[in-house]
Amino acid sequence: MESIMKKLDYQPSNLSDYELEKPLNVMNDFFDNNNLHEIRKKAWQLYKGWVNNSVGFTEGDENADMLYFYTQLVQFINVAFIYTEKRKLEIQPPNG
Numbered sequence: 086m087e088s089i090m091k092k093l094d095y096q097p098s099n100l101s102d103y104e105l106e107k108p109l110n111v112m113n114d115f116f117d118n119n120n121l122h123e124i125r126k127k128a129w130q131l132y133k134g135w136v137n138n139s140v141g142f143t144e145g146d147e148n149a150d151m152l153y154f155y156t157q158l159v160q161f162i163n164v165a166f167i168y169t170e171k172r173k174l175e176i177q178p179p180n181g
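Each residue of the sequence shown is one higher than the one before, counting from 86 in this note's numbering.
Now the structure itself:
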């Protein structure tokens, strides 16, 4: 955990001690409070807004980097959702 905290210390963080110790709970709360299709839609809206507002001062490489970042962000959201759903099943197996 110490090596993780060293990496985190170099980045802005507003995580509580509880959130640092139980990151899965934070992920579960995020997906419990936001529908997956809405998360993807909002990420797309953020990307579109960035494109619309940066058209006058960005160049090809920066635009390509942002599109790649958006694509990776959506992929991350999808795998985080899958991970949290799998963990829920491991913690509370379905009745059967």
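Even for Gly, the Cβ is constructed at its ideal location relative to N, Cα and C. Quantities reported herein were computed from a predicted structural model and do not represent experimental measurements.
Go to residue i, then tell me how far its alpha helix (DSSP H) extends in each direction, as first and last residue.
i           : result
residue 92  : 87-94
residue 163 : 145-176
Starting from the C-beta of residue i, find all residues in its chain whose C-beta is less than 7 Å away, skip the five residues before and the five after it, and write them out in chain order.
i           : result
residue 106 : none
residue 116 : 166, 169
With DSSP run on the structure shown, which of helix, strand or coil describes residue i?
i           : result
residue 138 : helix
Mind reading off the beta-carbon distance from residue i to residue j? Whole number of angstroms is fine, and I expect it under 8 Å.
i           : j           : result
residue 118 : residue 169 : With a Cβ gap of about 12 Å, residue 118 and residue 169 do not count as contacting.
residue 162 : residue 124 : 6 Å
Within the present structure, is the beta-carbon of residue i separated from the nearest heavy atom of the ligand ZN by less than 7 Å?
i           : result
residue 109 : With respect to the ligand ZN, the structure offers nothing, as it holds no ligand at all.
I'd like the list of long-range same chain contacts for residue i, defined as Cβ closer than 8 Å, with 5 residues on each side in sequence excluded.
i           : result
residue 109 : 169, 172
_Contained alpha helix (DSSP H) runs [length at least 4] in the region 101-126, N- to C-terminal order_ = 102-106, 108-118
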